[in-house]
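Only one structure is covered here, and it is reproduced in the block below.
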Amino acid sequence: MKQTSSTSSQFATLVTVFFFWGFLAASNGVFIPFCKEHFGLSQFQSQLIDLAFYLAYFVGSLALYLIERLMKIDFLNKIGYKMGIAYGLFVSAAGAVAMIGAVNVGNYWLILSALFLIAVGFSLQQTCAQPFAIALGDPKTGAHRLNLAGGINSFGTTIGPLIVSYFLFGGIAKNVQVEIAAVNQMYMFLAGLFVAVAVFFILSNLPTIRQDEHIEAGPGALKYPQLVYGMAAIFVYVGVEVTIQSNLGALLKLPEFGGYDESQIAHFISLFWGSLMIGRWTGAITVFNLTKMWKNVLTVVVPYVAFGVILGVNALSGTDVSDLYPYAFVIAVQIAGFFVGQEKPAKTLLTFAVLGMAAMSVGMLTTGSVAVFAFISGGLFCSVMWPSIFALSIAGLGKYTSQGSTFLIMMILGGALIPPLQGWMADVLNDIHLSYIITILLFGYLAFFAVKAKRVLKAQGIDYETPAGSH
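Quick note, the numbering used here runs 35 ahead of the 1-based positions in the sequence shown.
Below, the structure is given as structure tokens:
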């Protein structure tokens, strides 16, 4: 099925909110140092900003589910995904306004509460936007549309800190004292932007997708095994993605992994998150109506274009990126994975889960730059997992789709729990390197889910392994 120009324009409207999430999430990296300096916080206390942000996804989704069960209605089906996104934006706007008051009062806990409210709005937006993107076209290409949306999100994450730094400091600079007035201006701007985008959505030509069937009492979406297994997969996926990066700094400080100090590891962290952009840009190619030849060509070219963007952004900040050049060989492995996956969600997920297990194993068995790049490549192999897991998990849910989406967004909680678990393992084992064995197990579950989901859906008469355009 080919997307019409109308559907394409509707999808273009929808992805604006994906960019928004990336842009705002990345701004936390600028806001955390301000709070640490201004309030005299410890490193642990400053990290409560990220905890509040990610915990809000779980709490927001859980609250939505409980409200729906108590009222015995499917709230999102009743109002439609379009209005759900708009309401989520209004909640985030309220959080941004609350942030202005919290900063002026000078209470760190109020700041955390305001940030929590912003992220609660994000959880509602994501709960609606993910199935919305799948609904805007052939369900078999839904994972590819999520890849494109994820690529836009990653682009927002890449440029967000640069824009926010310019907004606060007037440029990318070090050791510049941030004034309270600048923070106020930033959140006033964000609050206005949230409201403007909400109004834009309300007035847009996006369809009001809803299903008005009665949701009877009982297990609801949880009666579908693909969703239950998928919830665990989202928990594990977000967890492994975040934990690889969160513990990487400690690993890089070890002599056998380079003995880098904190000022020398930023470009490695940037490469990890940039790897997500590489994969998502590549995975998005299949959304466009291209010939097989052009798809193949772009599948090889686009990853290196994205790699060039990453190198360029870091070079502009004055970093020597020559030690990242060998990563080009790792990208070639991912490209091969795309050809093996053949645009099929379950097969793609299985391929990259196995590659993830292999990469983590190489990292465990080696040291030096080989191990470092092996662990960083986890970002490449994670990059296209979210849309594959999401599409497989809500396949066949029908009137329970929005409820299933709520449960899946709730499982972002893995990003808050698994990294501390690895950190605890590192403390107990007294070996940060050995603690990375947990990542092999996590990728192993994702491989299991890929196989299990395919079997479960096939038993229900659903075949997501036929490439788009085939019948």
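Every residue, glycine too, gets a C-beta built ideally from N, C-alpha and C.
For residue i, the nearest candidate out of the options (CA to CA)
i, options, result
"Leu124", "Phe229, Phe53, Gly191", "Phe229"
"Val121", "Thr51, His302, Gln280, Leu346", "Looking at the sequence provided, one finds Ala at residue 121 rather than Val. Measuring from the Cα of Ala121, the nearest candidate turns out to be Thr51."
"Pro455", "Phe374, Ala87, Asn282", "Asn282"
"Thr441", "Arg315, His73, Cys163", "Cys163"
"Gly191", "Leu287, Val232, Phe53", "Phe53"
"Gly172", "Leu101, Ala47, Lys288, Met328", "Ala47"
"Gly439", "Ile447, Ile429, Leu448, Met446", "Ile429"
"Asn240", "Phe484, Leu49, Ile497, Leu469", "Leu49"
"Ser423", "Val337, Met266, Thr402", "Met266"
"Pro166", "Glu378, Leu101, Tyr116, Pro361", "Tyr116"
"Tyr264", "Phe58, Ala488, Ala494, Gln495", "Ala488"
"Val348", "Ile313, Phe374, His302", "His302"
"Val275", "Phe484, Gly450, Leu101, Thr436", "Gly450"
"Leu432", "Gln369, Ile467, Leu492", "Leu492"
Where residue i falls: helix, strand or coil (DSSP)
i, result
"Asp85", "helix"
"Ala485", "helix"
"Gln45", "helix"
"Ala430", "coil"
"Tyr435", "helix"
"Ile58", "First, the amino acid is wrong: residue 58 is Phe here, not Ile. Three-state result, Phe58: helix."
"Asn324", "coil"
"Ser148", "helix"
"Gly156", "helix"
"Asn240", "coil"
"Asp358", "helix"
"Gln369", "helix"
"Asn112", "helix"
"Asp462", "helix"
"Val419", "coil"
8 Å Cβ shell around residue i - same chain, five flanking residues per side excluded
i, result
"Gly130", "Ala149, Leu150, Phe151, Leu152, Ile153, Ala154, Val155, Gly156"
"Ala363", "Tyr339, Phe342"
"Ile475", "Met392, Met395, Ser396, Met399"
"Leu509", "Because the chain is modelled from 36 through 506, residue 509 falls outside the range shown and cannot be assessed."
"Phe307", "Ile279, Gln280, Leu283, Ile411, Gly413, Gly414"
Beta-carbon proximity list for residue i, same chain, < 6 Å, skipping 5 on both sides
i, result
"Leu183", "Ala319, Val322"
"Leu390", "Gly372, Phe416"
"Ala409", "Ala394, Val397, Gly398"
"Gly185", "Arg315"
Residue i to residue j span [Cα, whole Å]
i, j, result
"Leu427", "Leu181", "12 Å"
"Gly141", "Ala482", "47 Å"
"Phe88", "Met134", "13 Å"
"Thr383", "Leu311", "15 Å"
"Phe55", "Tyr92", "16 Å"
"Ser404", "Asp358", "9 Å"
"Val407", "Ala137", "40 Å"
"Lys434", "Asn112", "8 Å"
"Ile345", "Tyr471", "25 Å"
"Met106", "Gln457", "39 Å"
"Tyr143", "Thr326", "54 Å"
"Ile497", "Glu378", "16 Å"
"Gln369", "Pro361", "14 Å"
Cβ-based neighbour list, residue i, same chain, cut-off 7 Å, excluding 5 preceding and 5 following
i, result
"Met420", "Tyr272, Leu384, Phe387, Leu481"
Query raised in the report: Should the segment 453-471 be regarded as contacting the segment 343-354, the criterion being three or more beta carbon pairs within less than 8 Å?
Result: Fewer than three Cβ pairs drawn from the segment 453-471 and the segment 343-354 lie within less than 8 Å of each other, which leaves the two stretches out of contact.
Query raised in the report: Hey, is the segment 78-98 in contact with the segment 217-224, meaning 3+ C-beta pairs nearer than 8 Å?
Result: Judged by pairs of C-beta atoms under 8 Å, the segment 78-98 does not touch the segment 217-224, as fewer than three such pairs exist.
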